[in-house]
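2 protein chains.
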Amino acid sequence: MTQKTTPRILSGFMELLPEDQLVFERMRKIIAETYESFGFVELDTPVLELSEILLAKAGGETEKQIYRFTKGDTDMCMRFDLTVPLSRYVAQHQNELSFPFRRYQIGKSYRGERPQRGRFREFYQADIDIIGSENLSILYDAEIPSIIYRVLTKLGLKRFHIRMNNRKLLQGFYEEIGLTEQSAEILRIIDKTDKIGEDNVRLCLLDLGLKADKIAKVLELAGLKGSIADVLAQLDSFGIQNALFKEGLSELKTVTDALNDMGVPESHLKIDLRITRGLDYYTGTVYETFADDFPKWGSICSGGRYDNLSGYYTDRKLPGVGMSIGLTRFFDVLKSQNLLNKGAKTPAAVLVIPMSANESRAALKVGTILRQEGIKTEVYGVDTKFKNKLSYANKIGVPYVVILGENEVAANTAVLKDMAKGEQQTVGQDKLAPTIRLMHKLEPILPVIKDC
Amino acid sequence: MTQKTTPRILSGFMELLPEDQLVFERMRKIIAETYESFGFVELDTPVLELSEILLAKAGGETEKQIYRFTKGDTDMCMRFDLTVPLSRYVAQHQNELSFPFRRYQIGKSYRGERPQRGRFREFYQADIDIIGSENLSILYDAEIPSIIYRVLTKLGLKRFHIRMNNRKLLQGFYEEIGLTEQSAEILRIIDKTDKIGEDNVRLCLLDLGLKADKIAKVLELAGLKGSIADVLAQLDSFGIQNALFKEGLSELKTVTDALNDMGVPESHLKIDLRITRGLDYYTGTVYETFADDFPKWGSICSGGRYDNLSGYYTDRKLPGVGMSIGLTRFFDVLKSQNLLNKGAKTPAAVLVIPMSANESRAALKVGTILRQEGIKTEVYGVDTKFKNKLSYANKIGVPYVVILGENEVAANTAVLKDMAKGEQQTVGQDKLAPTIRLMHKLEPILPVIKDC
Chain A
0 MTQKTTPRIL SGFMELLPED QLVFERMRKI IAETYESFGF VELDTPVLEL
50 SEILLAKAGG ETEKQIYRFT KGDTDMCMRF DLTVPLSRYV AQHQNELSFP
100 FRRYQIGKSY RGERPQRGRF REFYQADIDI IGSENLSILY DAEIPSIIYR
150 VLTKLGLKRF HIRMNNRKLL QGFYEEIGLT EQSAEILRII DKTDKIGEDN
200 VRLCLLDLGL KADKIAKVLE LAGLKGSIAD VLAQLDSFGI QNALFKEGLS
250 ELKTVTDALN DMGVPESHLK IDLRITRGLD YYTGTVYETF ADDFPKWGSI
300 CSGGRYDNLS GYYTDRKLPG VGMSIGLTRF FDVLKSQNLL NKGAKTPAAV
350 LVIPMSANES RAALKVGTIL RQEGIKTEVY GVDTKFKNKL SYANKIGVPY
400 VVILGENEVA ANTAVLKDMA KGEQQTVGQD KLAPTIRLMH KLEPILPVIK
450 DC
Chain B
0 MTQKTTPRIL SGFMELLPED QLVFERMRKI IAETYESFGF VELDTPVLEL
50 SEILLAKAGG ETEKQIYRFT KGDTDMCMRF DLTVPLSRYV AQHQNELSFP
100 FRRYQIGKSY RGERPQRGRF REFYQADIDI IGSENLSILY DAEIPSIIYR
150 VLTKLGLKRF HIRMNNRKLL QGFYEEIGLT EQSAEILRII DKTDKIGEDN
200 VRLCLLDLGL KADKIAKVLE LAGLKGSIAD VLAQLDSFGI QNALFKEGLS
250 ELKTVTDALN DMGVPESHLK IDLRITRGLD YYTGTVYETF ADDFPKWGSI
300 CSGGRYDNLS GYYTDRKLPG VGMSIGLTRF FDVLKSQNLL NKGAKTPAAV
350 LVIPMSANES RAALKVGTIL RQEGIKTEVY GVDTKFKNKL SYANKIGVPY
400 VVILGENEVA ANTAVLKDMA KGEQQTVGQD KLAPTIRLMH KLEPILPVIK
450 DC
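Sequence lines, in order, name chains A and B.
Heads up: the first sequence begins at 0 in numbering that gives the first Met the number 0, then just goes up one per residue.
Heads up: the second sequence begins at 0 in numbering that gives the first Met the number 0, then just goes up one per residue.
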């Protein structure tokens, strides 16, 4: 035989073994099903796009990281997020879509970043966006955090907070105190408070040329604390007449009221006036989400309201609101902290084992019947010692084994073994499906995430 | 505003509007669920691989079509199928996997082919493979066509045939008549019969230097027709003692017997001694699948048995059997022939419409309750005329609309409208979920494929 090539993957790419892959899939499915329960339709855009399209907006760091190449005369890129393709899709198909257009996409994006712990060059994002034509009701801004709440709760995360803010409110406040021109820069600085600390924020604001009394006011606003009602009351008490401030405050009230109507408990919500999302892209409501016990994870999902999705491709104004879960990164964090509830290495509920080759055909028949009854079933086909057959069942972690020997086949019965309990019973073949269904139904369904 | 970039995608790439995307997703889900019902575990390998790995085997046409590029010092490719990555994965993780290893993968692959009708540069394949260590029972060869049968039946395809053959049987036959050396070439020629016709096959065999009497024998074997039992009896009647022929014949018998045990009706099976799959990669059982009414589609899914999955990466012998559905191409064929049963443009079963902004908060509450009852629900948030609200419901094709006006909110009721029937009734809000569940349950579930 020729020299072998050592099998390996590119560095910075995630690849999972079956046990982890099945947990990842459960996670992906829970997210997709929750998005669909709110009526979002799945989109699937190409991974490759024309460079001219994908780079209409990009620049700086992002552009350097892009996988870009030519084939023939065509200059193309692998997508680096799901937002630019959405922006292109909605502009391209605007006359065929109904607005508000609600789409979700769970797909891979690519960035050739310097490999480091927790950073991947191929990564899943799970995005939802609601796009309006010309305008979009503020009520949709409340829908997004209610979806975040449902998704994380269904994944099994218990202690987390969705932090919300409104950029109009901040901008209006800066206008009010005469800082209109510095507004965008202040928003970027304030957003870094968690990373660099309040002292450094103060220095940055000084650097920007702000006077001490203005800095005090900026920090006073950023530092407001308390329940949602408390913070709203404090904001009201400022008595600010600036129109933008008032609009932002009114939006924040509407969003928090609507979240209450949608059954999101206040224990998971917070107004945090330091969350600004930095980017100029966002124009109103903004969100970030943190696990209470793991502040170092950073935001699990983030998003916000934007005025214009597709300005690079169309004159039509397409405002929207959305958010994104960095799925690969979130999974990696949970895995590395041993917070995943792992299960079997197979989706099958049953492994049918013939004692010898003589019972193989009977095993195929029983497997077919179980599948027709909706039970995921694998039939073991290797002719080996019984010990090896059971050892395979243990390795793949299948919950039930059905054993067929000469006597069982003659009597149309089977031995049904509960692998977790180690108990077994002889059951008529016609009673196998209902018996297994009942036993399987009684098993508790593990959440993806362990208690936290 | 600046000059706009015309939004468009690369040629040869498929992108769908919501209505088609939802059908595609139903198709993908049915395939995935059927694979899982047989206990296959989903894998998800990177789209990018090291060129050294991916091209260990490739050559000729395939290599020219590959999207290959360098970033930094790294020479990488986008995968062109799911088989080479599987081969690399199993070799790389062989000590962490349990054999037989059963995996499925539904993912995109990339080939920069010349764009033409029905050929895509980005395309989904839906693969299953069962990999043994050192050896793998012939019974697994029967499992594959039983899965093909279930998948296509669940998709709604009625009239199709899985055609089977065994390369050992053919090779043994050629050995028996003294054509051992020409065997591989004859297999390639015979495989083209459907494309080039029997007269051209005869010419090719003449070109190969075969004498007329040998050609007659080769064509006699290739032309055997009849029921499975008939063909097997004819093969038996040849009385050939060649060991490879006998092994192939015995395997074909075992596979067809087992398919019977697995409840696959003979109306969907055929022994076709002209199916050889061309490639040397296959070593035993081979399959192709054709729609009875659409022979021009070519094979919908194909596969077979191979002796050695990962010879380029490991000395360990890893025999396997598998098949692949060309999902993007199949979907495109069904779409272009108007054979898809299209449904709504939303996954939601219900759209909740508040008559005016006054009922918005009540609408959010009702939407939340319906979702908690497991009903996919969108709440309409745009403040516009009622006519426009209903028009949106019609456009997205949602089956039920729940309308909340001032009176309904006061009385804790809602107007429930069945959009297909145009009928409406007033229902207590606490009765909405059970009423909708019952109505929705009675709707027939459309198969993906129209009657054919």
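Cβ coordinates follow ideal geometry from the N, Cα and C atoms, glycine included.
Since the structure is predicted, the reported quantities are computational estimates derived from the model, not experimental observations.
- The beta carbons of B/R149 and B/T255 sit about 17 Å from each other, so the pair does not count as a contact at 8 Å.
- The secondary-structure analysis by DSSP pairs B/Q104 across a beta bridge with B/D126.
- Taking 8 Å as the cut-off, the beta carbon of B/Q124 is found closer than this to the beta carbon of B/S323.
- Cβ proximity to chain A below 7 Å picks out K375, T376, E377, G380, V381, D382, Y391, K394 and I395 from the region 373–407 of chain B.
- As for any alpha helix (DSSP H) of minimum length 4 sitting wholly inside the region 33–93 of chain B, the runs are 50–53, 59–64 and 82–91, ordered along the chain.
- Straight across, the Cα-Cα distance linking A/V263 with A/S145 is about 6 Å.
- When C-beta atoms of the region 177–184 of chain A are compared with those of the region 286–298 of chain A, fewer than three pairs fall below 8 Å, so the two segments do not count as touching.
- Here A/E265 has S226, I227 and N259 as same chain residues with Cβ atoms under 8 Å from its own Cβ, once five neighbours each way along the sequence are excluded.
- One alpha carbon belongs to A/L9, the other to B/E95, and they sit about 19 Å apart.
- Assignment of B/M26 by DSSP, reduced to helix, strand and coil, places it in the helix class.
- Every beta strand (DSSP E) of 3 residues or more that sits fully in the region 295–331 of chain A is shown, in chain order, as 300–305 and 319–325.
- Within the region 255–284 of chain B, the residues whose Cβ lies closer than 8 Å to any Cβ of chain A are, in chain order, D256, A257, D260, M261 and G262.
- CA-CA distance, B/S236 to B/E174, rounds to 18 Å.
- Under the 8 Å criterion on CB atoms, A/E219 is classed as non-interfacial with respect to chain B.
- Inclusion of B/T288 and B/C300 in the CB contact set at 8 Å is warranted, their separation being smaller than that value.
- Of all residues in the region 287–314 of chain A, the ones placed with a Cβ closer than 8 Å to any Cβ belonging to chain B are S309, G310, Y311, Y312, T313 and D314, in chain order.
- By the Cβ rule, the region 48–62 of chain B does not count as touching the region 352–361 of chain A, because fewer than three pairs are nearer than 8 Å.
- Counting of Cβ neighbours within 10 angstroms places B/Q424 among the exposed residues, the total staying below 16.
- Distance from the CA of B/A55 to the CA of B/R78, rounded to the nearest whole angstrom, comes to 13 Å.
- Within the region 22–54 of chain B, F23, E24, E35, S36, F37, G38, F39, V40, E41, L42, D43, T44, P45, V46, L47, E48, L49, E51 and I52 place their CB atoms closer than 8 Å to a CB of chain A, listed in sequence order.
- In the DSSP assignment, B/M438 falls within the alpha helix (DSSP H) that extends over L431 to L441.
- Under the 10 Å beta carbon count, A/S390 is surrounded by fewer than 16 other beta carbons and is classified as exposed.
- Taking CB atoms only, B/H439 has no neighbour in chain A less than 8 Å away.
- Considering only beta carbons, the part of the region 328–359 of chain A lying closer than 8 Å to chain B consists of K344, T345, P346, A347, L350 and S359, in chain order.
- The beta carbon of A/G155 sits no closer than 8 Å to any beta carbon of chain B.
- Around B/N241, the same chain offers G171, F172, E174 and E175 as residues with beta carbons nearer than 8 Å, after the five sequence neighbours per side are excluded.
- The alpha carbon of A/S108 has as its nearest neighbour, out of A/F100, A/L223 and A/G11, the alpha carbon of A/G11.
- Scanning chain A for C-beta atoms nearer than 7 Å to the C-beta of B/M322 yields nothing, as the closest lies near 17 Å away.
- At a beta-carbon threshold of 9 Å, none of the residues of chain B lie near A/T82; the nearest stands roughly 14 Å away.
- The beta-bridge partner set that DSSP reports for A/A413 consists of A/V426.
- Selection B/F23, B/G238 and B/K3 evaluated against B/A343 yields B/F23 as nearest (Cα-Cα).
- Setting aside the 5 residues that flank it on each side, A/L251 is surrounded in the same chain by N165, each with a C-beta closer than 6 Å to its C-beta; the list follows chain order.
- For A/V200, the enclosing alpha helix (DSSP H) begins and ends at E197 to D206.
- Only residues of its own chain outside the window of five on either side were considered, and among them L338 and N340 have a CB closer than 6 Å to the CB of A/K449, listed in chain order.
- Sequence-distant partners of A/I189 (beyond 5 residues in either direction) whose C-beta falls short of 6 Å from its own C-beta, in its chain, are A221, R273 and T275.
- By the beta-carbon neighbour count (other beta carbons within 10 angstroms, threshold 16), B/A141 is buried.
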